[in-house]
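Participant: Quick one: this structure, given as structure tokens, is what I'll be asking you about.
Residue numbers (the working numbering): 1012 to 1301.
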């Protein structure tokens, strides 16, 4: 009996407590138990799903990843704790609020870009046409990485012409009995050089900025290159990784760029009391998602 309990204990301790730490996705799929909330969660409507820590939010998103992939669509799982920039950037109070929010969206788009690019290169891409998807992904990357300089700009233009002339003359006559000779020579050189210069000096700080119209157009072109498939963004650890004050800004950017297209689905897993998806503004308006 004790040996059997020891085997059970060893099996139990070998299990991963969190779904995101399991290296075997197929085992996660086999271990998933469908609850009442899962059918609505798998519908192609963008939504936020709340749950406490350890409730199975990550496991649910990974199962959604499996279901979406099995249906022939394209899922992109995004762990917000693992975005490209140092997470301290998002919390840094010394950085402008707009810079922190823009950097957050840029990092998220970079994950989408990299996942779609790797999918197009893989053998299991389902005949995605890289000649169409590649330029669309280039547009997406360009729209999300524009840089401007906040500060003063000065221009300096100069020009001039430099002429150098050297002339020499020589006349000589020589009379001899046998043969008279007369020498006459003129020589001269002239060098002329023109110089023209133009320089622009920028004094300021470079920062990323996002033109939502350009980004929206790039997302539309990417979706058009997916050959009729839907793109699913599965966003995990929203409450853990995103500062509270930035959450409605990122939610609003997602609404304006991804959620407005019928072939894009966004699923967000969050902890309710640590989330802020909507910030009211004047005259009944709001920033974020409803």
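The beta carbon of each residue, even a glycine, is placed where N, CA and C say it ideally should be.
(1) Restricting to Cα atoms, I'd like to know which of 1122, 1061, 1143 is closest to residue 1249.
(2) Just to check my reading of the structure: residue 1276 and residue 1226 have Cβ atoms closer than 8 angstroms, yes? What is that Cβ distance to the nearest angstrom?
(3) Looking at C-beta atoms only, is the number of pairs between the region 1067-1081 and the region 1221-1236 that lie closer than 8 angstroms three or more?
(4) Here's a check: name, in chain order, each residue in its chain whose Cβ is nearer than 8 angstroms to the Cβ of residue 1141, leaving out the five neighbours to either side.
(5) Between 1139, 1223, 1259, which has its C-alpha nearest residue 1337's C-alpha?
(6) Does the beta-carbon of residue 1288 have 16 or more other beta-carbons within 10 angstroms, so that it is buried, or is it exposed?
(7) Hey, quick one: how far does the alpha helix (DSSP H) through residue 1259 stretch, first residue to last?
(8) The beta strand (DSSP E) that contains residue 1276, what's its start and end?
(9) With DSSP collapsed to three states, give me the class of residue 1253.
(10) Answer yes or no: do residue 1075 and residue 1053 have a C-beta to C-beta separation smaller than 8 angstroms?
(11) Which one or two residues does DSSP pair with residue 1128 in a beta bridge?
Facilitator: Reading off the structure:
(1) Here residue 1249 corresponds to residue number 238 of the chain shown, with the count starting at 1. Nearest Cα to residue 1249 within the set 1122, 1061, 1143: 1061.
(2) Looking up residue 1276 in the chain shown gives position 265. Looking up residue 1226 in the chain shown gives position 215. Contact check for residue 1276 and residue 1226: beta-carbon distance about 18 angstroms, past the 8 angstroms limit, so the pair fails to qualify.
(3) The answer is no - the region 1221-1236 does not touch the region 1067-1081, with fewer than three Cβ pairs under 8 angstroms.
(4) Against the chain shown, residue 1141 aligns to sequence position 130. Only residues of its own chain outside the window of five on either side were considered, and among them 1131, 1132 have a CB closer than 8 angstroms to the CB of residue 1141, listed in chain order.
(5) In the structure as shown, the chain begins at 1012 and stops at 1301. Residue 1337 is therefore absent and cannot be evaluated.
(6) Along the chain shown, one-based indexing puts residue 1288 at 277. Classification for residue 1288: buried.
(7) Residue 1259 sits at position 248 when you count from the first residue of the chain shown. Start and end: 1258-1268.
(8) Within the chain shown, the letter at position 265 stands for residue 1276. Here the beta strand (DSSP E) through residue 1276 covers 1275-1281.
(9) For this step, residue 1253 is matched to residue 242 along the chain shown. Three-state DSSP puts residue 1253 in coil, outside helix and strand.
(10) In the chain shown, residue 1075 corresponds to position 64, counting from 1. In the chain shown, residue 1053 corresponds to position 42, counting from 1. A contact, by the Cβ cut-off of 8 angstroms.
(11) On the chain shown, position 117 is the one that residue 1128 refers to. In the DSSP output, where bridge partners are listed per residue, residue 1128 has none listed.
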